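**Q** Let me begin by handing over the structure; questions about it come next.
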Amino acid sequence: MMKHCYRFLFLCLPAASLLFCYCAGSTQANIEKTDIASEPPGQSEIIEDFDPSTLGDYDIDDSKPARSGDGPVRIDGILKGASQRDSVETRQQSGYRVQILSTRDEEEARNVRRDAILKFQENVYLMFDDPYYKVRVGDCISRFDADKLQEAAITKGFPEAWVIRTNVQPQRPAETTGTEVTPTPKNE
153 MMKHCYRFLF LCLPAASLLF CYCAGSTQAN IEKTDIASEP PGQSEIIEDF
203 DPSTLGDYDI DDSKPARSGD GPVRIDGILK GASQRDSVET RQQSGYRVQI
253 LSTRDEEEAR NVRRDAILKF QENVYLMFDD PYYKVRVGDC ISRFDADKLQ
303 EAAITKGFPE AWVIRTNVQP QRPAETTGTE VTPTPKNE
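Counting from 1 along the sequence shown, just add 152 to a position and that's the residue number in the numbering used here.
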């Protein structure tokens with residue numbers, strides 16, 4: 153029995169000493185010192201004094217603040233040359249819109265927005281709600297009007313359209329110019 157203990161100690165003692173020496177490591181760290189200034193400039197170097205406005209590629213107008221997001225678009229206003237922002241009131245009220253798309257792909261959202269502008273008379277909105285791009289149609293005050301718009305969206309090729317509650321732009325009454333023509337019946 154005693155013989156087995158000595159044999160065990162005889163085998164474990166060298167193994168323990170080797171393990172101890174291996175884990176201790178060296179006392180001197182090998183650090184390679186390089187002079188950064190002596191290295192040639194690489195392509196990954198960052199140039200902090202670069203100003204893109206000095207290139208002259210684009211005319212940058214600093215007098216106007218940047219627009220945030222895409223607002224409503226009226227195709228008839230674009231065709232007549234009116235500003236998109238002229239017809240939008242700044243006050244909003246609670247209402248409904250029909251969401252026809254929610255996607256992470258910006259290009260897909262822009263294509264659907266373009267199609268919706270051509271198919272609908274109502275305002276079309278493209279908004280980004282991280283991480284989704286959402287395309288919405290209309291400014292409905294009542295749920296009934298929103299449901300009718302949803303049915304129209306489904307028949308116009310947007311089968312996954314659904315009604316959402318959000319703040320909407322109230323519609324202004326149509327402005328009359330006094331130059332309207334009323335058809336007169338023909339006398340035969």
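Using N, Cα and C, we set each Cβ at its ideal position, and we do this for glycine too. These numbers come from a predicted model, not from an experiment.
Find the nearest neighbour of Val276 within the set Phe172, Arg262, Leu163, judged by alpha-carbon distance.
**A** Mapped onto the sequence shown, residue 276 falls at position 124. Nearest of Phe172, Arg262, Leu163 to Val276, Cα basis: Arg262.
**Q** Excluding five sequence neighbours on each side, which residues of the same chain lie with their C-beta closer than 7 Å to the C-beta of Ala268?
**A** For the purposes of this step, residue 268 is taken as residue 116 along the sequence shown, with counting starting at 1. Around Ala268: Ile252, Val276, Val287, Val289.
**Q** Which of the three DSSP states, helix, strand or coil, is assigned to Asp282?
**A** Against the sequence shown, residue 282 aligns to sequence position 130. DSSP places Asp282 in coil when its eight states are reduced to three.
**Q** In terms of alpha-carbon separation, which member of Leu270, Arg265, Phe272 lies closest to Met279?
**A** Counting from 1 along the sequence shown, the entry for residue 279 is found at position 127. It is Arg265 whose Cα lies nearest to the Cα of Met279.
**Q** Taking C-beta to C-beta, are Ala313 and Gln321 nearer than 7 Å?
**A** Taking the first residue of the sequence shown as 1, we reach residue 313 at position 161. Taking the first residue of the sequence shown as 1, we reach residue 321 at position 169. It is not a contact, given that the beta carbons lie outside the stated cut-off.
**Q** Identify, in the order they occur along the chain, each residue of the same chain with its Cβ nearer than 8 Å to the Cβ of Asp291, setting aside the five sequence neighbours on each side.
**A** As a first step, residue 291 must be located in the sequence shown, where it is residue number 139. Pro224, Gly247, Arg249, Glu274, Asn275, Val320, Gln321, Pro322, Gln323.
**Q** Per the DSSP calculation, Asn319 is bridged to which residue(s)?
**A** Looking up residue 319 in the sequence shown gives position 167. Paired residue(s): Ser246.
**Q** Smallest Cα separation from Pro283: which of Ser294, Arg295, Glu258, Ile306?
**A** Counting from one through the sequence shown, the residue named residue 283 turns up at place 131. Minimum Cα distance to Pro283 is reached at Glu258.
**Q** Considering Leu270, what are the terminal residues of the alpha helix (DSSP H) in which it resides?
**A** Reading the sequence shown from its first residue, position 118 is the one you call residue 270. That run of the alpha helix (DSSP H) goes 258-271.
**Q** Buried or exposed for Phe296, going by 16 or more other Cβ atoms inside 10 Å?
**A** Taking the first residue of the sequence shown as position 1, residue 296 is located at position 144. Exposed, because fewer than 16 other Cβ atoms sit within 10 Å of the Cβ of Phe296.
**Q** State the CB to CB distance for the pair Lys308 and Lys271, rounded to an integer number of angstroms; the pair is presumed to be in contact (CB under 8 Å).
**A** Position 156 of the sequence shown holds residue 308. Position 119 of the sequence shown holds residue 271. With 8 Å as the limit, Lys308 and Lys271 qualify as a contact, their Cβ atoms being about 5 Å apart.
**Q** Starting from Leu301 and walking both ways along the alpha helix (DSSP H), at which residues does that stretch end?
**A** Residue numbering aside, residue 301 sits at position 149 when the sequence shown is read from its first letter. First-last of the alpha helix (DSSP H) with Leu301: 295-307.
**Q** Does DSSP put Glu241 in a helix, in a strand, or in coil?
**A** Position 89 of the sequence shown, counted from the start, is the residue given in the question as residue 241. Because Glu241 sits at a pLDDT of 45, beneath the cut-off of 50, its placement in the model cannot be relied upon, and the following sentence gives the value as read from the coordinates. Coil.
**Q** Within 10 angstroms of the Cβ of Ala167, are there 16 or more other Cβ atoms? Answer buried if so, exposed if not.
**A** Residue mapping note: residue 167 aligns to position 15 of the sequence shown, counting from 1. By the neighbour-count rule (16 or more Cβ atoms within 10 Å), Ala167 is not buried but exposed.
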